[in-house]
Amino acid sequence: GDSVTQMEGPVTLSEEAFLTINCTYTATGYPSLFWYVQYPGEGLQLLLKATKADDKGSNKGFEATYRKETTSFHLEKGSVQVSDSAVYFCALAAGGTSYGKLTFGQGTILTVHP
Amino acid sequence: EAGVAQSPRYKIIEKRQSVAFWCNPISGHATLYWYQQILGQGPKLLIQFQNNGVVDDSQLPKDRFSAERLKGVDSTLKIQPAKLEDSAVYLCASSSIQGPKNIQYFGAGTRLSVL
């Protein structure tokens, strides 16, 4: 079945450091890929998405590129801020019988120190 | 535009008791999802509705969990009887259409503790 694997966490960085959170997936067909963010005490919010190979999603300085050849969707940000501290989830939405259902990775906790 | 509303925010019960959660999706959203998020894990889909019909309930433990969306708008998820392993955050999400390209919007969730 479909699955998403994220890098082990937690990740601790200093402000203005470069961020990479790795995400790889297994799915049949051509899934859409998403990054969701969960701030403390809040629900999941969509951060960015990509719906086909080589698409780049971007938002709030975060970027991720849909790489079909490596089945990856790594999240990057050039300079993190304290306000970026949250839990980040990579997810895919597949077609076929699982139409629209989101399959999530286990989440990566990011803590940014001043 | 109002977001996805869920209540209650927190619930503490003893094992073998019953509990119900309520969700009101974004106005006009035909598709509604219930996810279970166990601490330290990503959310897992329990059930998906399209209007008032069930699209996918393959991961719903039907011996104890039930869900309904009678009028195609708000929805309730019930657990009866609860087990210790049901302790989790229950998330409701909605989207305007079905499909892998559509965005799901999430509520803040209901945190359930089963003692």
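If you're matching them up, the sequences are chains Y and P in order.
Positions in the first sequence are counted from 1; adding 388 to them yields our numbering.
Positions in the second sequence are counted from 1; adding 13 to them yields our numbering.
Where a beta carbon is used, it is the ideal one built from N, C-alpha and C, also for glycine.
Close Cβ partners of residue i (< 6 Å) along its chain, the five nearest in sequence each way excluded
i	result
residue 459 (chain Y)	412 and 413
residue 78 (chain P)	92
residue 443 (chain Y)	454
residue 128 (chain P)	27
residue 68 (chain P)	61
Beta-ladder partner(s) of residue i, from DSSP
i	result
residue 433 (chain Y)	Y:425
residue 412 (chain Y)	Y:393 and Y:460
residue 443 (chain Y)	In DSSP, residue 443 (chain Y) forms no bridge with anything.
residue 69 (chain P)	P:61
residue 451 (chain Y)	Y:446 and Y:464
residue 101 (chain P)	P:125
residue 19 (chain P)	P:36
residue 492 (chain Y)	Y:479
residue 48 (chain P)	P:58 and P:104
residue 25 (chain P)	P:126
Among the options, the one whose alpha carbon lies nearest that of residue i
i	options	result
residue 119 (chain P)	P:27, P:32 and P:38	P:38
residue 500 (chain Y)	Y:427, Y:431, Y:433 and Y:462	Y:427
residue 462 (chain Y)	Y:488, Y:431 and Y:495	Y:495
residue 96 (chain P)	P:20, P:18, P:32 and P:17	P:32
residue 123 (chain P)	P:47, P:63 and P:27	P:47
residue 397 (chain Y)	Y:409, Y:405, Y:416 and Y:448	Y:409
residue 420 (chain Y)	Y:437, Y:390 and Y:399	Y:437
residue 416 (chain Y)	Y:467, Y:498, Y:429 and Y:491	Y:491
residue 473 (chain Y)	Y:403, Y:394, Y:389 and Y:446	Y:403
residue 558 (chain Y)	Y:392, Y:478, Y:467 and Y:475	Lying before the first or after the last residue shown, residue 558 (chain Y) is absent from chain Y, which here runs from 389 to 502.
residue 82 (chain P)	P:34, P:52 and P:16	P:34
residue 15 (chain P)	P:36, P:100 and P:54	P:36
Closer than 8 Å to chain P by CB, residue i
i	result
residue 435 (chain Y)	no
residue 439 (chain Y)	yes
Cross-chain neighbours of residue i in chain Y, by beta carbon under 7 Å
i	result
residue 55 (chain P)	477, 492, 493, 494 and 495
Contacts that residue i makes with chain Y (C-beta to C-beta distance below 9 Å)
i	result
residue 44 (chain P)	488
residue 115 (chain P)	420, 481 and 488
Contacts around residue i, its chain only, beta-carbon distance under 7 Å, and the 5 residues preceding and following it disregarded
i	result
residue 440 (chain Y)	418 and 454
residue 21 (chain P)	123
residue 42 (chain P)	107, 108 and 109
Residue-level contact to chain Y via CB, residue i, 8 Å cutoff
i	result
residue 61 (chain P)	yes
residue 69 (chain P)	yes
residue 73 (chain P)	no
residue 52 (chain P)	no
residue 58 (chain P)	yes
residue 104 (chain P)	yes
Contacts that residue i makes with chain P (C-beta to C-beta distance below 7 Å)
i	result
residue 430 (chain Y)	121
Neighbour list for residue i in chain P, Cβ cutoff strictly below 9 Å
i	result
residue 393 (chain Y)	None at all; the shortest Cβ gap to chain P is about 11 Å.
Chain-order list of residues whose beta-carbon lies under 8 Å from that of residue i (same chain, five-residue window excluded)
i	result
residue 488 (chain Y)	481
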